[in-house]
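Working notes for the structure below.
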Amino acid sequence: MVSAKIFTLAAMATTVFAAPCKPTPTVPISGTTSNLPAPPPNAVLKKIAIGHGLQNYTCTSTSQATAAPVGALAVLYDVTPFYPGKARGLQKAAFDSLPTTTLYGQDIPLNMTQDGPDVYTAAANPWIAPADLELGGIKAKFLGHHYFDIDSTPFFDLQTIGLKASVVRNESIPAPPNADKGPMGTGAVAWLQLKDSGKGKSVGIDYVYRVITAGGNPLSCATGKTSFSIPYTTFYWFYKFY
Numbered sequence: 015m016v017s018a019k020i021f022t023l024a025a026m027a028t029t030v031f032a033a034p035c036k037p038t039p040t041v042p043i044s045g046t047t048s049n050l051p052a053p054p055p056n057a058v059l060k061k062i063a064i065g066h067g068l069q070n071y072t073c074t075s076t077s078q079a080t081a082a083p084v085g086a087l088a089v090l091y092d093v094t095p096f097y098p099g100k101a102r103g104l105q106k107a108a109f110d111s112l113p114t115t116t117l118y119g120q121d122i123p124l125n126m127t128q129d130g131p132d133v134y135t136a137a138a139n140p141w142i143a144p145a146d147l148e149l150g151g152i153k154a155k156f157l158g159h160h161y162f163d164i165d166s167t168p169f170f171d172l173q174t175i176g177l178k179a180s181v182v183r184n185e186s187i188p189a190p191p192n193a194d195k196g197p198m199g200t201g202a203v204a205w206l207q208l209k210d211s212g213k214g215k216s217v218g219i220d221y222v223y224r225v226i227t228a229g230g231n232p233l234s235c236a237t238g239k240t241s242f243s244i245p246y247t248t249f250y251w252f253y254k255f256y
């Protein structure tokens with residue numbers, strides 16, 4: 015998948031800098047007219063990841079108001095070291111643009127049977143061999159996978175560090191109007207605060223934030239499609255409470 019926005023890759027190569035101190039990363043929670051709840055004081059950030067993959071939807075009729083979300087597939091990459099102010103940190107504008115840069119600068123990292131430009135379909139076995147994300151001057155380590163489990167519960171498997179999160183939606187706000195609409199022009203999916211599902215499947219993670227989204231919103235059911243997938247990228251912030 016390519017776009018004129020690929021020019022940001024070259025710019026990123028010059029944005030790495032040495033920092034005099036290590037700042038405390040602060041998750042962005044402010045949309046345009048509303049905010050997500052802030053993490054509580056006892057929350058400890060475990061990782062910041064870029065997720066790149068597909069949001070999946072179904073429609074039962076052309077008159078259905080909005081397509082129903084039925085899952086997601088994404089590969090996760092560790093971008094914690096590149097948070098602004100860290101030793102290998104990016105400038106803020108470059109860091110915040112990582113979802114858009116990844117969306118247009120990396121092919122969807124899944125086994126695909128159809129790979130655009132109008133139809134995107136993952137194979138029955140969607141996962142490719144683990145590989146790091148290389149964009150411009152950064153190399154983000156492979157971290158794990160995001161998918162919906164057999165009970166249709168969102169699940170994050172940060173397999174390289176042994177953390178897992180089975181979550182449900184706690185709060186949601188619309189993505190800002192200037193958020194990247196994605197290659198299909200459908201708009202950016204909402205920002206979310208996700209909390210532990212209570213099913214006993216989480217390990218070392220209590221809350222997940224999905225913020226600075228790019229793409230992922232559904233097509234209109236008026237198109238006549240009964241099921242479809244939309245490319246997306248986003249930041250995921252993972253927290254543990256102590």
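Note that the sequence shown covers residues 15 to 256 in this note's numbering.
Beta carbons: idealized from backbone N, C-alpha and C, even for Gly.
Predicted, not measured: the structure shown is a model, and the values here were computed from it.
- CA-to-CA, the gap between SER48 and PHE169 works out to about 26 Å.
- Sequence-distant Cβ neighbours of LEU172 in its own chain, meaning closer than 6 Å and more than five residues away, are LEU157, GLY158.
- With a beta-carbon spacing of about 15 Å, LEU87 and THR116 fall beyond the 8 Å limit used to define contacts.
- Counting along the chain, PRO83 sits inside the beta strand (DSSP E) bounded by residues 82-92.
- In the three-state DSSP reduction, THR74 falls in the coil class, being neither helix nor strand.
- By a beta-carbon distance limit of 8 Å, PHE249 does not contact ALA57. Their separation comes to about 16 Å.
- The segment 215-224 makes no contact with the segment 68-87; the number of CB pairs closer than 8 Å stays below 3.
- Annotation: PHE96 is outside any alpha helix (DSSP H) and is labelled neither H nor E by DSSP.
- DSSP, reduced to helix, strand and coil, places LYS153 within a strand of the structure shown.
- For PRO140, the enclosing beta strand (DSSP E) begins and ends at 134-141.
- Annotation for ALA79: no beta strand (DSSP E) segment contains it, and DSSP assigns it neither H nor E.
- Approximately 18 Å separates the beta-carbon atoms of TYR253 and THR227; this is outside 8 Å, ruling out the contact.
- The DSSP-derived three-state label of THR237 is helix.
- Note on geometry: alpha-carbon atoms of ASN184 and TYR223 lie some 10 Å from one another.
- For ALA108, there is no enclosing beta strand (DSSP E); the residue is part of the alpha helix (DSSP H) that begins and ends at 106-110.
- In the structure shown, the three-state DSSP call for THR40 is coil.
- The residue from ALA154, ILE142, TYR118 with its alpha-carbon nearest to that of ASP194 is TYR118.
- Contact between PRO232 and GLY45 is absent: CB atoms are separated by about 19 Å, not below the 8 Å threshold.
- Beta-bridge analysis with DSSP links ARG102 to no other residue.
- Using a 10 angstroms sphere on the CB of VAL182, the tally of other CB atoms stays under 16, which defines it as exposed.
- In terms of Cα proximity to ASN125, the closest of LEU208, GLY103, PRO144 is PRO144.
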